[in-house]
Amino acid sequence: MFGVKMSSLISIPTMPLVVIALICGILSFISTRLVMPWLIHKLEEAEIIGKDIHKSAHPIVAEMGGMGILFGFVIGIFVGIILFPTLTFQLAIVLVVILLVGMVGMVDDLIVLSSKEKLFLLFLAGVPLWWIAPPNVGLLYIILIPIAVSICSNLTNMLAGLNGIESGLGVISMTSLTISCIVLGKYDVAIISMSMLGTLIAFLYYNKYPAKVFPGDTGTLIIGASIAATAFIGRVKLIAFIVLLPNIIDAALKFYSAGVMERQEHRPTQLNDDGKLVRPEQGFKSLIRLVLRKPVDEKTAVMMIWAIGIIFGIIGIIVAILMPSVTHNQTFAQFIHLKDYFYYLG
74 MFGVKMSSLI SIPTMPLVVI ALICGILSFI STRLVMPWLI HKLEEAEIIG
124 KDIHKSAHPI VAEMGGMGIL FGFVIGIFVG IILFPTLTFQ LAIVLVVILL
174 VGMVGMVDDL IVLSSKEKLF LLFLAGVPLW WIAPPNVGLL YIILIPIAVS
224 ICSNLTNMLA GLNGIESGLG VISMTSLTIS CIVLGKYDVA IISMSMLGTL
274 IAFLYYNKYP AKVFPGDTGT LIIGASIAAT AFIGRVKLIA FIVLLPNIID
324 AALKFYSAGV MERQEHRPTQ LNDDGKLVRP EQGFKSLIRL VLRKPVDEKT
374 AVMMIWAIGI IFGIIGIIVA ILMPSVTHNQ TFAQFIHLKD YFYYLG
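This note's numbering puts the first residue of the sequence shown at 74, with every later residue one more than the last.
If you want it as structure tokens, here you go:
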């Protein structure tokens, strides 16, 4: 983990790593909670705003609120560095990656990047993770790291558009990953996941229905990037895949029905005369439209998607609990050749 052996990382810290991770999460939560009112006001002043098209009145809402998520995460990681200096290099690399992904999101929010441009820039943003990859993993593994950052960032960016859906799913995913890391004894990686979890919980307060701010690509992209970073550094890739299944299903439905689309080609979910969401008669398929078999209000639709996320989040935790017993069962592992499989999946 983090490119070096765990035994060389932990040299009797002043406090347990799990406590440090908890402190990082709490302070990232407080930082985001405090900065968001000011940030929302400044975004509105700068006219970085958008219409909430899923409400009859189309209220104006601040955009690019993901900068608040980024701020809280930075605070959490800095606290981790201060409380456990041994992890300075590793945490600094993760911070650089998330900041780079956040910058890509800001550019996309302001000038709108093409799908290819975004994928390429996100790939480049994930390259610094090479310096903290586990040793002796092979060239394919190394190449997959920035690819995973790019793909995961886009996955969390695609399942979006309703109040609280992105940040709520992010909270669910990071909760599952954090618990899984703790169950597996990967307390150092929990610093990363807990820092993102804390800031997302705080942001959700302002992003939930009725939203006072939207995350923008600035926020949605860094959620996926943090999941990818946690997955590869903590070697919990299988669990990350499971918690991302709602996003993967959504992306698969969109690609199957419409192929790769640019943002301007998206046709939004519509409102009926009662102010409830209905899926358009034509257009691409998505997870949101899949749950809209009958008209429902926006809040209910989001909670239905969250429920799907919670199911996969719980499955991820169960897999984490079972993983040590499976990998340590030599007879079973040899019988189905799971040793190498679990090494690469986490």
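Glycine is no exception: its CB is placed at the ideal position from the N, C-alpha and C atoms.
Keep in mind the model is a prediction, meaning the values are calculated, not measured.
Where residue i sits in the DSSP three-state scheme
| i | result |
| --- | --- |
| Gln343 | strand |
| Lys372 | helix |
| Cys257 | According to the sequence shown, residue 257 is Leu rather than Cys. In the structure shown, Leu257 sits in coil (DSSP, three-state: anything other than H, G, I, E or B). |
| Lys327 | helix |
| Val185 | coil |
| Leu350 | strand |
| Gly123 | strand |
| Val152 | helix |
| Ala233 | coil |
| Ala206 | coil |
| Val134 | strand |
Residue i classed as buried or exposed, judged by whether at least 16 other C-beta atoms fall within 10 angstroms
| i | result |
| --- | --- |
| Thr105 | buried |
| Gln355 | exposed |
| Gly348 | exposed |
| Arg362 | buried |
| Tyr279 | buried |
| His127 | buried |
| Gly211 | exposed |
| Ser249 | buried |
| Thr161 | exposed |
For residue j and residue i, the rounded distance between their alpha carbons
| i | j | result |
| --- | --- | --- |
| Glu117 | Gly386 | 35 angstroms |
| Ala324 | Val316 | 14 angstroms |
| Ile378 | Ser359 | 11 angstroms |
| Pro201 | Met176 | 15 angstroms |
| Phe157 | Ile93 | 8 angstroms |
| Met267 | Ile384 | 20 angstroms |
| Gln337 | Val185 | For Gln337, the predicted model reports a pLDDT of 45, less than 50, meaning its position is unreliable; a value from the coordinates is still stated below. If you take the alpha carbons of Gln337 and Val185, they lie about 9 angstroms apart. |
| Phe223 | Ala298 | Strictly speaking, residue 223 in this sequence is Ser, with Phe absent from that position. Each residue's Cα considered, the two are about 7 angstroms apart. |
| Ala301 | Ala221 | 6 angstroms |
| Asp182 | Gly289 | 6 angstroms |
Supposed contact pair residue j and residue i - C-beta distance, whole angstroms, cut 8 angstroms
| i | j | result |
| --- | --- | --- |
| Thr291 | Gly145 | Not confirmed; about 13 angstroms, so no contact. |
| Gly149 | Leu90 | In fact, because the Cβ distance is near 14 angstroms, the residues do not count as touching under 8 angstroms. |
| Lys230 | Thr293 | Going by the sequence as given, residue 230 is Asn instead of Lys. About 4 angstroms; that satisfies the 8 angstroms criterion. |
| Ile205 | Ile306 | 6 angstroms |
| Ala275 | Met109 | 7 angstroms |
Same chain, Cβ closer than 7 angstroms to residue i, neighbours up to 5 away in sequence not counted
| i | result |
| --- | --- |
| Val375 | Leu235, Asn236, Gly237, Ile238, Gly241 and Tyr282 |
Close beta carbons around residue i, own chain, < 6 angstroms, minus the five adjacent residues each side
| i | result |
| --- | --- |
| Ala393 | Ser253, Val256, Leu257 and Ile312 |
| Asn227 | none |
| Gly382 | Leu242, Ile245 and Pro319 |
Any chain D beta carbon closer than 8 angstroms to residue i
| i | result |
| --- | --- |
| Leu350 | Absence of chain D from the displayed structure is noted, only one protein chain being present. |
Cut-off 8 angstroms between Cβ atoms - residues of its own chain near residue i, not counting five sequence neighbours on either side
| i | result |
| --- | --- |
| Pro368 | Asn345, Asp347, Lys349, Leu350 and Val351 |
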